[in-house]
Amino acid sequence: MWGTDELKPDNRSLKTLDRKLHERLAKVFKWQHYFEVNRKSSDLTSGKSHGLKLSEECSVEIKVLPDNIAEVKLIGKGKTLVTRRHSLSKAEALVLAGDDRNNNAWFVVLNFN
């Protein structure tokens, strides 16, 4: 996801977020507009690590731990930026956010349903 105060650029194939996710992000973050850059899916197996490449510079590694917990590593430019644990019994998505640069920010939104 991408957050910005700018309007959607004509030269990028971005999708406008659904209203529910937009409202959730807008409650926490300052941006006026949020766009989906891409969408990936994966089947998770307990005890195995699953990697998803989101862009040339960004990927996530997800491992399902005991007690129905997912450990998520956000990787940028080959370096682990953040590691979070998330209960898979929660219906809510896990949102990871990147740096605020040039009046823009990026987000990774993970749904485990």
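Note that our numbering has the sequence shown beginning at 50, numbered continuously upward. Quick reminder that beta carbons are idealized off the backbone N, C-alpha and C, glycines included. Predicted model, so just to flag it, every value in this text is computed and none were measured.
With 16 as the cutoff for other CB atoms within 10 Å, does residue i come out buried or exposed?
i, result
"Leu74", "buried"
"Val131", "exposed"
"Ala140", "exposed"
"Leu143", "buried"
Give the range of the alpha helix (DSSP H) segment to which residue i is assigned.
i, result
"Glu72", "Arg68 to Val77"
Which two residues bound the contiguous beta strand (DSSP E) that contains residue i?
i, result
"Arg150", "Run containing Arg150: none; DSSP gives neither H nor E here."
"Ser108", "Cys107 to Leu114"
"Leu130", "Lys128 to Ser136"
"Glu120", "Ile118 to Gly125"
"Ser104", "Element bounds for Ser104: n/a, residue is neither H nor E."
"Gly52", "Trp51 to Thr53"
"Glu85", "His82 to Glu85"
Out of the options, which one is the CA nearest neighbour of residue i?
i, options, result
"Ala146", "Phe156, Leu93, Ser95 and Leu137", "Phe156"
"Lys122", "Ser91, Ser104, His99 and Asn160", "His99"
"Asp54", "Leu159, Asn152 and Glu72", "Asn152"
"Glu72", "Gly96, Gly52 and Arg133", "Gly52"
"Ala154", "Glu85, Ser90, Arg68 and Asp59", "Glu85"
"Leu159", "Lys97, Pro58 and Leu70", "Leu70"
Which residues in the same chain have their Cβ closer than 6 Å to the Cβ of residue i, if we skip the five residues on either side of it in sequence?
i, result
"His135", "Ala119 and Leu143"
Just to confirm my understanding: we take residue i, look at its own chain, exclude 5 residues before and 5 after, and list those with CB closer than 7 Å. What are they?
i, result
"Ser108", "Gly100, Leu101, Lys102 and Ile124"
Counting Cβ pairs, one atom from each stretch, are 3 or more of them under 8 Å apart for the region 79 to 86 and the region 108 to 115? Too few Cβ pairs lie closer than 8 Å, so no.
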